[in-house]
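Residues in the sequence shown are numbered consecutively from 38, following this note's numbering.
All C-beta atoms, glycine included, are put in the ideal place defined by N, C-alpha and C.
Bear in mind the structure is a predicted one, so any value in this text is a computation, not a measurement.
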Amino acid sequence: KHLVDLKMACPKELKQIVIDDLKDITFIETGKLYVRASTI
38 KHLVDLKMAC
48 PKELKQIVID
58 DLKDITFIET
68 GKLYVRASTI
């Protein structure tokens, strides 16, 4: 089996996001973003 370290697979930009700096969004907005990302 070939395993990939998830920390290495994550883009630098994503690692640099500070969770506390993110704005709050509704559950509906979360669902829309999830669906939009899954169609890419």
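Checklist entry - Would the C-beta of threonine 67 count as close to the ligand GDP, meaning under 7 angstroms from any of its heavy atoms? => result The model on display carries no ligand, and the ligand GDP is accordingly not part of it.
Item to check | Length of the line joining the Cα atoms of aspartate 57 and leucine 51 | outcome: Numbered from 1 along the sequence shown, position 20 holds the residue referred to as residue 57. Numbered from 1 along the sequence shown, position 14 holds the residue referred to as residue 51. Their backbone Cα atoms lie some 14 angstroms apart in a straight line.
Checklist entry - Hey, how far is the Cα of glutamate 66 from the Cα of glutamine 53? => result Mapped onto the sequence shown, residue 66 falls at position 29. Mapped onto the sequence shown, residue 53 falls at position 16. Their Cα atoms are separated by approximately 23 angstroms.
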